[in-house]
Amino acid sequence: RRRFPALLLRTHPAPSRSARVRLVPATGDEQSQELLRRLRVAWPHGCPSLDDAVTALAQALARSPYATAGERGPGAAALPPGTLAEVDLRSFVQQQRLEGYDPNLSVLLVTEEKLRCLAELQQAVLQSAVSGPAPGSPPARRCLPGCRVVHVVSCDEEFQQQQMDLLWRILDPGAHTAQQKLLVCGPVKVTKPLSPVGADEYLQLRRRQMHEASVMKYGELAQDEAWTEVIDVLTAAAIRFEMLSTAHQSQIILDLEDGSISTKGTKSGAFVMYNCARLATLFDTFQRAVERGTYPPLPPPEELNFSCLREEGEWLLLFNYLLPFPEVLEQAAELPPPGKGIRITASTEAVCKFLIQLSMDFSSYYNRVHILGEPFPHLFEQMFARLQLMAAVRDMFHSALATLHLPPLTQI
Numbered sequence: 001r002r003r004f005p006a007l008l009l010r011t012h013p014a015p016s017r018s019a020r021v022r023l024v025p026a027t028g029d030e031q032s033q034e035l036l037r038r039l040r041v042a043w044p045h046g047c048p049s050l051d052d053a054v055t056a057l058a059q060a061l062a063r064s065p066y067a068t069a070g071e072r073g074p075g076a077a078a079l080p081p082g083t084l085a086e087v088d089l090r091s092f093v094q095q096q097r098l099e100g101y102d103p104n105l106s107v108l109l110v111t112e113e114k115l116r117c118l119a120e121l122q123q124a125v126l127q128s129a130v131s132g133p134a135p136g137s138p139p140a141r142r143c144l145p146g147c148r149v150v151h152v153v154s155c156d157e158e159f160q161q162q163q164m165d166l167l168w169r170i171l172d173p174g175a176h177t178a179q180q181k182l183l184v185c186g187p188v189k190v191t192k193p194l195s196p197v198g199a200d201e202y203l204q205l206r207r208r209q210m211h212e213a214s215v216m217k218y219g220e221l222a223q224d225e226a227w228t229e230v231i232d233v234l235t236a237a238a239i240r241f242e243m244l245s246t247a248h249q250s251q252i253i254l255d256l257e258d259g260s261i262s263t264k265g266t267k268s269g270a271f272v273m274y275n276c277a278r279l280a281t282l283f284d285t286f287q288r289a290v291e292r293g294t295y296p297p298l299p300p301p302e303e304l305n306f307s308c309l310r311e312e313g314e315w316l317l318l319f320n321y322l323l324p325f326p327e328v329l330e331q332a333a334e335l336p337p338p339g340k341g342i343r344i345t346a347s348t349e350a351v352c353k354f355l356i357q358l359s360m361d362f363s364s365y366y367n368r369v370h371i372l373g374e375p376f377p378h379l380f381e382q383m384f385a386r387l388q389l390m391a392a393v394r395d396m397f398h399s400a401l402a403t404l405h406l407p408p409l410t411q412i
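Sequence positions in the sequence shown follow the UniProt record's numbering and run 1 to 412.
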């Protein structure tokens with residue numbers, strides 16, 4: 001989120017509220033692609049051919065009344081080498097009466113590389129359309145209602161992104177460029193850094209710490225090759241929760257000391273994954289007991305007596321988590337409606353905060369209540385009601401983790 005500024009394209013086909021998402025720019029180097037893969041981020045890679053689109057944008061630049069190319073009048077210095085033209089962004093903002101832009105925006109020197117970046121955005125917009133534009137239609141006609149462009153950018157790069165936003169509006173006017181918004185992410189800082197920490201070093205450090213914490217808790221079992229995947233998932237979860245549990249516009253402070261991460265910390269991604277695995281173990285234990293004949297199979301929900309659920313923790317799980325969960329998902333995925341200004345905010349932290357609080361309350365209940373009781377028929381009614389509640393909680397864990405692209409762990 002903080003390391004890779006990106007653009008998100010959301011097409012909302014009517015009347016459905018679902019959305020299709022395209023991510024750009026594609027990563028061109030193997031190191032970035034490998035880092036994203038290890039974090040379980042599905043990101044496009046490879047460089048598409050954009051020569052025709054760049055040529056069309058260069059022609060639009062030459063025709064623009066806001067652009068000046070070549071000599072700029074007597075006594076004016078020539079444009080720097082590699083510069084195609086300079087564009088008066090301030091005049092465009094004033095004439096279009098755009099709000100929310102930095103008042104220091106003035107003249108932008110346009111290079112072919114900037115046009116190539118815009119061409120990739122333009123191509124992503126066109127590919128997001130349900131049906132493509134008419135053959136040969138100029139960029140100005142490619143207005144795609146329902147397509148929203150959201151630039152996810154660090155606070156340090158907001159000014160540069162505003163420049164690109166305006167340049168795209170000038171060269172490719174339409175509904176898609178007019179609805180551009182910025183989702184600005186706060187800075188990420190490290191406590192007591194001895195030297196600058198890159199993304200790859202941060203990932204390696206967190207993986208080593210997660211491995212050491214697992215060995216400390218589970219001993220030699222954590223040295224087995226089967227644990228490689230478990231530790232990889234725990235590492236990705238730890239990093240995702242570190243980055244996404246804080247509102248996107250706020251600053252993140254990373255503590256990289258060796259004691260700063262464990263499988264027990266109640267506010268960590270590892271703690272969430274641990275409780276998800278506890279539920280998997282519960283149902284695995286129950287299923288094996290059914291196969292041995294210790295318990296009868298779990299009846300369908302309509303045959304259960306849920307009035308047996310009398311523990312306060314059981315009703316807390318129902319009313320604080322199971323019932324409001326769809327609303328939490330909707331809140332996390334919702335973008336504000338188009339309006340004035342260029343910045344927007346989103347509840348990117350909603351799912352992580354929900355999972356952390358759910359894990360704390362579930363863990364408290366699970367530690368206190370013995371769900372699989374003695375195999376006596378008069379105890380089955382309450383046990384089955386509790387198992388059905390736990391099945392709903394398990395499915396909720398899985399659905400919430402899926403929104404973070406994290407697989408549920410079946411054992412830790």
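From the three backbone atoms N, C-alpha and C, an ideal C-beta is built for every residue, glycine too.
For residue 109, the residue or residues it bridges with in DSSP: Counting from one through the sequence shown, the residue named residue 109 turns up at place 109. DSSP lists 86 as partners of residue 109.
Contact the segment 236-246 vs the segment 278-285: 3+ CB pairs below 8 Å: no
Close-in-space but distant-in-sequence residues of the same chain around residue 136 (CB under 8 Å, 5 per side omitted): The sequence position of residue 136 within the sequence shown is 136, counting from 1. Residue placement at residue 136 cannot be trusted, given a pLDDT of 46 that sits under 50; the coordinates are not used to answer.
Sequence-distant residues of its chain with Cβ nearer than 8 Å to residue 349 (five each side left out): Taking the first residue of the sequence shown as position 1, residue 349 is located at position 349. Here the set comprises 244, 245, 246, 247, 248.
Residue environment, residue 393, which counts as buried when at least 16 other CB atoms sit within 10 Å: On the sequence shown, position 393 is the one that residue 393 refers to. Residue 393 should be labelled buried.
Proximity of residue 163 and residue 79 at Cβ, strictly below 7 Å: In the sequence shown, counting from the first residue as 1, residue 163 sits at position 163. In the sequence shown, counting from the first residue as 1, residue 79 sits at position 79. Taking 7 Å as the Cβ cut-off, residue 163 and residue 79 do not qualify as a contacting pair.
Member of 120, 46, 86 whose CA lies at the smallest distance from the CA of residue 52: The sequence position of residue 52 within the sequence shown is 52, counting from 1. Of the listed residues, the one whose Cα sits closest to residue 52 is 120.
Start-to-end residues for the alpha helix (DSSP H) that takes in residue 217: Here the question's residue 217 lines up with position 217 in the sequence shown. Note, residue 217: alpha helix (DSSP H), 199-218.
Residue 332 burial status per 10 Å Cβ neighbour count (16 or more: buried): Sequence index remark: in the sequence shown, residue 332 carries index 332 (1-based). Classification of residue 332: buried, given that the 10 Å Cβ count is 16 or more.
Neighbour-count burial assignment, residue 114, 16 or more Cβ in a 10 Å radius: For the purposes of this step, residue 114 is taken as the residue at position 114 of the sequence shown. With 16 or more other Cβ atoms within 10 Å, it is buried.
Beta-bridge pairing of residue 67 - partner residues as DSSP gives them: On the sequence shown, position 67 is the one that residue 67 refers to. According to DSSP, which records beta bridges pairwise, residue 67 is partnered with 87.
As assigned by DSSP and simplified to three states, the class of residue 27: Translated into positions along the sequence shown, residue 27 becomes position 27. If DSSP states are grouped into helix, strand and coil, residue 27 belongs with the strands.
Cβ contact (3+ pairs, closer than 8 Å) linking the segment 349-368 and the segment 380-397: yes
Simplified DSSP assignment, three categories, for residue 47: The sequence position of residue 47 within the sequence shown is 47, counting from 1. DSSP places residue 47 in coil when its eight states are reduced to three.
Proximal residues to residue 351 (C-beta, below 8 Å), its chain only, five neighbours per side dropped: To locate residue 351, count along the sequence shown from 1; it is residue 351. Answer for residue 351: 244, 328, 329, 332, 400, 403, 404, listed in chain order.
Residue 393, DSSP secondary structure in three states: Residue 393 sits at position 393 when you count from the first residue of the sequence shown. If DSSP states are grouped into helix, strand and coil, residue 393 belongs with the helices.
Neighbour-count burial assignment, residue 370, 16 or more Cβ in a 10 Å radius: Counting from 1 along the sequence shown, the entry for residue 370 is found at position 370. The residue is exposed, with fewer than 16 neighbouring Cβ atoms inside 10 Å.
Whole-angstrom distance between residue 233 and residue 411, CA atom to CA atom: The residue labelled residue 411 in the question sits at position 411 within the sequence shown. The residue labelled residue 233 in the question sits at position 233 within the sequence shown. Looking at the two C-alpha atoms, the distance is approximately 12 Å.
Own chain, CB closer than 6 Å to residue 139, minus 5 neighbours either side, in chain order: For the purposes of this step, residue 139 is taken as the residue at position 139 of the sequence shown. Its pLDDT being 45, under 50, residue 139 is placed unreliably in this model, and the coordinates cannot settle the point.
Proximity test, residue 289 beta-carbon vs the ligand GDP heavy atom, cut-off 6 Å: In the structure on display, the ligand GDP does not appear, and there are no ligands present to speak of.
Spatial distance of residue 24 from residue 92 (CA atoms): Along the sequence shown, read from residue 1 onward, the residue named residue 24 stands at position 24. Along the sequence shown, read from residue 1 onward, the residue named residue 92 stands at position 92. The straight-line gap from Cα to Cα measures roughly 26 Å.
Nearest-angstrom Cα separation, counted from residue 126 out to residue 134: Here residue 134 refers to the residue found at position 134 when the sequence shown is read from its first residue. Here residue 126 refers to the residue found at position 126 when the sequence shown is read from its first residue. Reliability fails at residue 134, whose pLDDT of 43 lies under 50, so the model's placement of it is uncertain and the value that follows must be treated cautiously. Those two C-alpha atoms are separated by around 11 Å.
Best match in 193, 380, 82 for proximity to residue 441 [C-alpha to C-alpha]: Outside the shown range of the chain, which is 1 to 412, sits residue 441, and nothing can be said about it.
Contact belief for residue 184 with residue 153 at Cβ below 8 Å, rounded distance in angstroms: As a first step, residue 184 is located in the sequence shown; it is residue number 184 there, counting from the start. As a first step, residue 153 is located in the sequence shown; it is residue number 153 there, counting from the start. Their Cβ separation, rounded to whole angstroms, is 6 Å, which keeps residue 184 and residue 153 in contact under 8 Å.
Per DSSP, cross-strand counterpart(s) of residue 489: Here the chain has residues from 1 to 412 only, and residue 489 is not among them.
Residue 285 to residue 187 span [Cα, whole Å]: The residue given as residue 285 occupies position 285 in the sequence shown. The residue given as residue 187 occupies position 187 in the sequence shown. Spanning the two alpha carbons is a distance of roughly 45 Å.
Terminal residues of the beta strand (DSSP E) in which residue 147 lies: Within the sequence shown, numbered from 1, the residue matching residue 147 stands at position 147. 147-154 is the span of the beta strand (DSSP E), which, as asked, contains residue 147.
For residue 21, three-class secondary structure by DSSP: Walking along the sequence shown from the start, residue 21 turns up at place 21. Correct three-state label for residue 21: strand.
Buried or exposed (CB count within 10 angstroms, at least 16 for buried), residue 150: Here residue 150 is taken as the residue at index 150 of the sequence shown, counted from 1. Residue 150 is buried by the Cβ-count criterion.
Where the alpha helix (DSSP H) containing residue 231 begins and where it ends: In the sequence shown, counting from the first residue as 1, residue 231 sits at position 231. 227-244 is the span of the alpha helix (DSSP H), which, as asked, contains residue 231.
Where residue 406 falls: helix, strand or coil (DSSP): Working through the sequence shown from its first residue, we reach residue 406 at position 406. DSSP places residue 406 in coil when its eight states are reduced to three.
Selection from 96, 190, 197 that minimises the alpha carbon distance to residue 178: If you number the sequence shown from 1, residue 178 lands on position 178. Cα-wise, what sits closest to residue 178 is 96.
Given residue 48 as reference, the closest of 374, 191, 123 once Cα atoms are compared: By 1-based counting over the sequence shown, the position of residue 48 is 48. Measuring from the Cα of residue 48, the nearest candidate turns out to be 123.
Residue range of the alpha helix (DSSP H) that includes residue 178: Looking up residue 178 in the sequence shown gives position 178. Note, residue 178: alpha helix (DSSP H), 175-178.
Simplified DSSP assignment, three categories, for residue 115: Taking the sequence shown and counting its residues from 1, one reaches residue 115 at position 115. Here residue 115 sits in helix by DSSP.
Simplified DSSP state of residue 310, which is helix, strand or coil: In the sequence shown, counting from the first residue as 1, residue 310 sits at position 310. It is coil, neither helix nor strand.
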